[in-house]
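In the numbering used here, the protein residues as written are 1 to 558. Encoded as structure tokens, the structure appears first; notes follow it.
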């Protein structure tokens with residue numbers, strides 16, 4: 001849709017006018033010109049997001065004023081951290097050699113260089129659709145520049161020993177997090193013996209984010225530290241690099257050693273990024289189920305091999321117990337690059353939309369340009385060919401899991417690790433079992449998990465909602481908007497490629513008609529992210545309904 005104006009009536013004789021250059025099919029829009037706030041007495045330009053939140057308080061129908069003030073703090077923090085992140089670009093990339101593309105750079109580095117980590121740290125914007133994409137409430141600017149991925153952060157991750165009586169460990173197979181860490185870092189064993197003596201085998205190891213150790217563990221676990229239930233270890237740390245999610249970390253200088261998900265008591269986007277006890281239990285258990293389905297679904301998962309969380313004293317309140325459990329917890333996960341073959345490069349989907357430090361084009365633009373030159377194609381033809389390859393990789397496994405096995409995973413841009421070869425998508429690795437929905441009746445087996453985070457459902461609509469939001473809106477939809485915005489193809493043409501692939505996959509799956517009708521229906525659902533943030537029902541997903549770009553509209557005959 002071309003130039004138009006969005007008008008919001010905030011109250012009696014109070015109007016907000018937004019000049020819009022283009023509205024996309026999932027209702028993203030490009031603003032053209034100044035947003036204006038109009039009353040009987042004045043017409044004022046809205047100059048920043050926080051001012052906009054203040055104006056929304058004038059509407060009696062939007063939100064309570066207390067809620068809006070809390071939301072304003074989050075928006076303000078997000079704006080600050082995004083601006084801070086933008087200043088990192090000239091600092092980080094000034095010393096890079098001249099290359100024609102980011103692909104040339106990452107494939108010309110030493111054997112131990114991690115292209116995946118480099119791509120993860122290219123992302124400056126953060127979450128592509130969340131209004132508070134860079135919120136880090138409670139974290140000082142100095143800490144952000146030390147630990148945030150957009151600052152190319154590498155740092156030492158301390159390790160805490162916790163007595164076995166006070167931890168719960170869940171393993172995918174025989175080895176737990178301590179055994180896996182000692183395999184990855186064998187020098188730890190001598191230090192453990194030195195610091196803990198003969199009792200060292202009575203302790204389990206938990207990697208702790210350095211910010212978390214300083215700001216949460218040391219001040220809040222003093223009693224446990226004094227009693228040597230919790231022992232922050234000296235001279236034992238892991239060199240790691242921040243990935244796009246901030247709390248998940250990769251081993252610096254290694255493409256083989258495990259990735260580690262750490263707890264950090266800081267609100268980022270919609271949630272405080274601790275690691276729930278339920279996720280430390282469910283991650284390894286779900287990995288067992290998902291591994292059994294890899295061959296039939298033709299998709300690969302990054303196995304969560306072990307999860308661990310602290311068990312506090314029994315006399316604590318439920319609130320305090322939950323705090324102590326989730327703030328001293330960790331999950332150890334497969335390294336995506338350990339699963340690569342010669343010539344393959346892995347990157348998260350979100351990195352495709354990041355600007356290349358060599359051309360300032362999006363990474364996906366560079367790849368499309370390379371395809372156009374190699375195959376002698378126009379930019380539009382290369383764009384369509386690239387997206388076709390991309391959906392061939394992403395959609396079949398995800399749809400098969402949902403329809404055949406009743407498992408809907410949050411395969412959004414951050415959780416989808418795309419494996420490329422010769423600059424083209426080749427296969428999909430899915431990480432993070434946290435946002436899954438499982439319908440046991442479709443899976444055909446009992447699912448023994450902790451359901452405190454509402455992973456189990458009897459409703460197919462819950463599977464559809466996860467797929468529509470994560471895969472359609474917060475993955476393919478964002479890629480399509482980015483390509484359309486750059487003029488590389490028409491939006492409708494790109495959505496047709498997605499629709500055709502979905503139809504093709506469903507045609508091969510038995511009993512797919514219900515899912516097909518839901519996914520291709522006239523309307524689709526999208527998470528109401530702000531509403532969820534301000535709702536007390538933080539474990540539940542809240543949605544809004546939108547016109548579905550995948551719906552094939554009937555052409556009326558004259």
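Each residue gets a CB set at the ideal place from its N, CA and C atoms; glycine is no exception.
For residue i, the first and last residue of its enclosing alpha helix (DSSP H)
i: residue 223; result: 222-226
i: residue 602; result: Nothing about residue 602 can be read from this structure; the chain reaches only from 1 to 558.
i: residue 278; result: 277-297
i: residue 372; result: 363-375
i: residue 485; result: 478-485
Endpoints, beta strand (DSSP E) assigned at residue i
i: residue 304; result: 304-310
i: residue 249; result: 248-251
i: residue 260; result: 259-262
i: residue 235; result: 230-242
i: residue 330; result: 329-333
i: residue 344; result: 344-348
Within 9 Å, strictly: CB atoms of residue i and residue j
i: residue 217; j: residue 328; result: yes
i: residue 249; j: residue 431; result: no
i: residue 204; j: residue 178; result: yes
i: residue 24; j: residue 447; result: no
i: residue 38; j: residue 20; result: no
i: residue 93; j: residue 347; result: no
i: residue 30; j: residue 22; result: yes
i: residue 354; j: residue 124; result: yes
i: residue 352; j: residue 413; result: yes
i: residue 254; j: residue 114; result: yes
i: residue 377; j: residue 385; result: yes
Reduced DSSP secondary structure (H/G/I, E/B, other) of residue i
i: residue 148; result: coil
i: residue 189; result: helix
i: residue 11; result: strand
i: residue 402; result: helix
i: residue 522; result: coil
i: residue 6; result: strand
i: residue 490; result: coil
i: residue 314; result: coil
i: residue 125; result: coil
i: residue 379; result: helix
i: residue 557; result: Bear in mind that the predicted position of residue 557 carries a pLDDT of just 44, short of 50, making it unreliable; the figure below should be weighed with that in mind. Residue 557 falls in the coil class under three-state DSSP.
i: residue 22; result: strand
i: residue 355; result: strand
i: residue 255; result: coil
i: residue 338; result: helix
i: residue 512; result: coil
i: residue 137; result: strand
i: residue 16; result: strand
i: residue 498; result: helix
i: residue 385; result: helix
i: residue 271; result: strand
i: residue 219; result: helix
i: residue 266; result: coil
Min CB distance residue i to chain D below 9 Å
i: residue 479; result: Any reference to chain D falls outside this structure, which holds one protein chain only.
Quiz item: Is there contact between the stretch 219-230 and the stretch 341-354, where contact requires at least three CB pairs shorter than 8 Å?
Solution: no
Quiz item: Are at least three pairs of beta-carbons, each pair with one atom in the stretch 236-247 and one in the stretch 258-272, less than 8 Å apart?
Solution: yes
Practice problem: Would you check if there are 3 or more beta carbon pairs closer than 8 Å linking the stretch 137-147 to the stretch 370-377? | Solution: no
Self-check item: beta strand (DSSP E) runs contained entirely in the stretch 160-216, provided each spans 3 or more residues
Solution: 167-171 and 203-207
Self-check item: Validate contact between the stretch 389-399 and the stretch 373-381 using beta carbons, cut 8 Å, 3 pairs
Solution: no
Quiz item: Are there three or more Cβ pairs, one per stretch, closer than 8 Å when the stretch 454-472 is compared with the stretch 405-416?
Solution: yes
Quiz prompt | Inside the stretch 390-472 only - alpha helix (DSSP H) runs reaching at least 4 residues | solution = 440-443 and 460-467
Exercise. Would you list, in sequence order, the uninterrupted alpha helix (DSSP H) runs of no fewer than 4 residues that lie entirely inside the stretch 29-117?
Key: 49-56, 65-93 and 102-107
Quiz item: Looking at C-beta atoms only, is the number of pairs between the stretch 67-76 and the stretch 37-54 that lie closer than 8 Å three or more?
Solution: yes
Self-check item: Three or more C-beta pairs below 8 Å linking the stretch 511-525 and the stretch 464-473
Solution: yes
Quiz item: Are at least three pairs of beta-carbons, each pair with one atom in the stretch 130-146 and one in the stretch 189-203, less than 8 Å apart?
Solution: no
Quiz item: Does the stretch 415-426 come close enough to the stretch 290-298 that 3 or more CB-CB pairs lie under 8 Å?
Solution: no
Exercise. Please confirm if the stretch 274-281 is in contact with the stretch 318-334, defined as three or more CB-CB distances below 8 Å between the two stretches.
Key: yes
Quiz prompt | Contact the stretch 99-110 vs the stretch 152-163: 3+ CB pairs below 8 Å | solution = no
Practice problem: Taking 8 Å as the threshold, find out whether the stretch 471-488 comes into contact with the stretch 434-453 through three or more Cβ pairs. | Solution: no
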